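Residues in the sequence shown are numbered from -7 upward in steps of one, following this note's numbering.
A quick write-up on the structure given underneath.
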Amino acid sequence: MSDHPFSTASSVQALKWSDRGLDVLDQRALPGEVLYQTFDTAAGVAEAISSMRVRGAPAIGIAAAYGVVLGAKHGFARGPAVWKQAIEDDIRRLAESRPTAVNLFWALARMREAISRTEGDPVPQLLAVARKIHEDDFAANLAMGELGANLLAGAQGVLTHCNTGALATGGYGTALGVIRSAWRRGGMERVYATETRPWSQGARLTVWELNQDKIPATLLADSAAAWLMKSGAVQWAVVGADRIAANGDVANKIGTYSLAVLAKHHGVKLMVVAPTSTVDWATASGADIVVEERDQRELLHPCFLEAGSVVGAWNPVFDVTPAALVDAIVTEAGVVLNPSAEAMASLR
Ligand code: MRU
-7 MSDHPFSTAS
3 SVQALKWSDR
13 GLDVLDQRAL
23 PGEVLYQTFD
33 TAAGVAEAIS
43 SMRVRGAPAI
53 GIAAAYGVVL
63 GAKHGFARGP
73 AVWKQAIEDD
83 IRRLAESRPT
93 AVNLFWALAR
103 MREAISRTEG
113 DPVPQLLAVA
123 RKIHEDDFAA
133 NLAMGELGAN
143 LLAGAQGVLT
153 HCNTGALATG
163 GYGTALGVIR
173 SAWRRGGMER
183 VYATETRPWS
193 QGARLTVWEL
203 NQDKIPATLL
213 ADSAAAWLMK
223 SGAVQWAVVG
233 ADRIAANGDV
243 ANKIGTYSLA
253 VLAKHHGVKL
263 MVVAPTSTVD
273 WATASGADIV
283 VEERDQRELL
293 HPCFLEAGSV
303 VGAWNPVFDV
313 TPAALVDAIV
323 TEAGVVLNPS
333 AEAMASLR
């Protein structure tokens, strides 16, 4: 039985608010260790995001919202008259923690709007907004689970990429939530999960969540996806998103674009599952999305970092899949088939 505060429908919690601050499940330690660490400052939460203790677009946004609450708590304690000015530094630091997931900027905009309305002690008021962001994400995931499972009717095998489960969200998951809902309905036989190099979110996190739910799963190297699709074992690839442009282009974990190209070639359908907080109406197309590049040390053997080495590494951690390669975008507000700027407008 889950100890999730919103429902018993989800297994693990990436983020828990307590009197001490924000308890963050350190996802770098999984699956070996379930280790929570408490952060009681906005700067600490920003560091938890940039170091990938917490990751996944919706979870990053939720963590940042709680980070603003912590910033307000300390700022108000120091100077009730000037905390609204001081919190701008905290918001800036949180905004700089990672560049691609738009949920981060969406959540900070909501918190900033709440700050503008706040009078007196800000903590209870801002905490209520952060909790609402958290709860709404969980509810959106349950709704998307049902909508996405409708599309998966008849599919015996699905492929997923990265981790989009309870760990990456306010609970239940986006793409993994759809897979959970479809599994409960029956008919699906097996979930295939890519390793997701270089951070191995699939190998460490997704198969861990699937194992907890006792959903039969097969892990494969990222480079085995074409061969899997050719075998006929999967009818759908189901992935999440970090940012969806107004024309339906999708930024998601590096390797998603490769899967989309492969899926088109093999007649496998591609479903993107993301809450409307991931849709960036201000970004017209994927060409305008900032793709995070992380340290080459995440890829490169240390021996190539020594003096005299002429080898470097290129480590983009997201890519952009053109809308034309996507069959369906599933949000809590509805499903967009064959996304385009016109089709996406139905969500506004
Ligand atoms: O680098 P990460 O682990 O934060 O990347 C996560 C992803 O790319 C997910 O697919 C995306 O955030 C959707 S999570 C519901």
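Don't be surprised by glycine CBs; every beta carbon is placed ideally from N, CA and C.
The model shown is predicted, which means the values in this text are computed figures rather than measured ones.
Worksheet entry | Alpha carbon of E201 to alpha carbon of A56, nearest angstrom | Reading the sequence shown from its first residue, position 209 is the one you call residue 201. Reading the sequence shown from its first residue, position 64 is the one you call residue 56. Between E201 and A56, the C-alpha separation is close to 24 angstroms.
ask   = Less than 9 angstroms separating the beta-carbons of Q148 and R182?
value = If you number the sequence shown from 1, residue 148 lands on position 156. If you number the sequence shown from 1, residue 182 lands on position 190. Yes, these two residues count as a Cβ contact at 9 angstroms.
key: Near the ligand MRU: K245 beta-carbon under 8 angstroms from a heavy atom   = Mapped onto the sequence shown, residue 245 falls at position 253. Within the cutoff, so yes.
Backbone secondary structure at R182 - three-state DSSP:
As a first step, residue 182 must be located in the sequence shown, where it is residue number 190. Strand.
Determine whether the beta carbon atoms of A6 and Q19 lie at a separation below 9 angstroms. Residue 6 sits at position 14 when you count from the first residue of the sequence shown. Residue 19 sits at position 27 when you count from the first residue of the sequence shown. At the C-beta level, A6 and Q19 come within 9 angstroms of one another.
Please state whether DSSP places R235 in a helix, a strand or coil. As a first step, residue 235 must be located in the sequence shown, where it is residue number 243. Residue state, collapsed to three classes: strand.
Note to self: When you measure from the CB of I281 to every non-hydrogen atom of the ligand MRU, does any distance come out below 8 angstroms?
What the structure shows: Counted from its first residue, the sequence shown places residue 281 at position 289. Checking every heavy atom of the ligand MRU against the Cβ of I281, none is found closer than 8 angstroms.
- Query: So does M44 have its beta carbon nearer than 8 angstroms to some heavy atom of the ligand MRU?
  - Reply: Along the sequence shown, read from residue 1 onward, the residue named residue 44 stands at position 52. Under cutoff, so the answer is yes.
For V309 and R289, which I take to be in contact (beta-carbon distance under 8 angstroms), what is that distance rounded to the nearest angstrom? If you number the sequence shown from 1, residue 309 lands on position 317. If you number the sequence shown from 1, residue 289 lands on position 297. No, V309 and R289 are not in contact; Cβ-Cβ is about 13 angstroms, not under 8 angstroms.
Given this structure, state the Cα-to-Cα distance separating A35 from E88, to the nearest angstrom.
On the sequence shown, position 43 is the one that residue 35 refers to. On the sequence shown, position 96 is the one that residue 88 refers to. Taking the straight line from one Cα to the other gives about 11 angstroms.
Can you list, in chain order, the residues of its chain whose CB lies under 6 angstroms from that of Q193, leaving out five sequence neighbours each side?
-> The sequence position of residue 193 within the sequence shown is 201, counting from 1. C154, N155, listed in sequence order.
Just curious, the alpha helix (DSSP H) that D311 is in, first and last residue?
Residue mapping note: residue 311 aligns to position 319 of the sequence shown, counting from 1. Run containing D311: none in the alpha helix (DSSP H); it sits in the beta strand (DSSP E), 310 to 313.
Worksheet item: Could you give the residue range of the alpha helix (DSSP H) that holds D410?
Response: With the chain represented from -7 up to 340, any question about residue 410 goes unanswered, as that position is not in the structure.
Exercise. Under 9 angstroms, do I207 and A266 count as touching if we go by C-beta distance?
Worked result: Here residue 207 corresponds to residue number 215 of the sequence shown, with the count starting at 1. Here residue 266 corresponds to residue number 274 of the sequence shown, with the count starting at 1. No, the Cβ-Cβ distance between I207 and A266 is not below 9 angstroms.
Q.
Would the segment 253 to 270 count as touching the segment 227 to 236 if we require 3 or more Cβ pairs under 8 angstroms?
A. The answer is yes - the segment 227 to 236 touches the segment 253 to 270, with three or more Cβ pairs under 8 angstroms.
| Per DSSP, which one or two residues make a beta bridge with N244? | Numbered from 1 along the sequence shown, position 252 holds the residue referred to as residue 244. As computed with DSSP, N244 is found in a beta bridge with D311.
Cβ pair count under 8 angstroms reaching 3, the segment 296 to 311 against the segment 107 to 122: Result no; under three Cβ-Cβ pairs closer than 8 angstroms.
* Would the segment 239 to 256 and the segment 100 to 108 be scored as touching if the rule is three or more Cβ pairs under 8 angstroms? -> Flag = no, the segment 239 to 256 and the segment 100 to 108 do not touch.
**Asked** Is W175 near the ligand MRU, going by C-beta to nearest heavy atom under 8 angstroms?
**Response** Residue 175 sits at position 183 when you count from the first residue of the sequence shown. Not one heavy atom of the ligand MRU falls within 8 angstroms of the beta-carbon of W175.
Exposure of H126, with buried meaning 16 or more beta-carbon neighbours within 10 Å: Along the sequence shown, read from residue 1 onward, the residue named residue 126 stands at position 134. By the neighbour-count rule (16 or more Cβ atoms within 10 Å), H126 is buried.
Would you call S173 buried or exposed, if buried means 16 or more other Cβ atoms sit within 10 Å of its Cβ? In the sequence shown, counting from the first residue as 1, residue 173 sits at position 181. So S173 counts as buried.
Compute the distance between the beta-carbons of Y164 and A122, then report whether it is under 9 angstroms.
-> One-based indexing of the sequence shown puts residue 164 at position 172. One-based indexing of the sequence shown puts residue 122 at position 130. Contact flag unset, no.
*asked:* Out of A49, D214, G13, L17, which one is the CA nearest neighbour of I236?
replied: Sequence index remark: in the sequence shown, residue 236 carries index 244 (1-based). Ranking the options by Cα distance to I236, first place goes to A49.
Self-check item: Sequence-distant residues of its chain with Cβ nearer than 6 angstroms to A343 (five each side left out)
Solution: The structure shown does not extend to residue 343, since the chain is modelled only from -7 to 340, so the question has no answer here.
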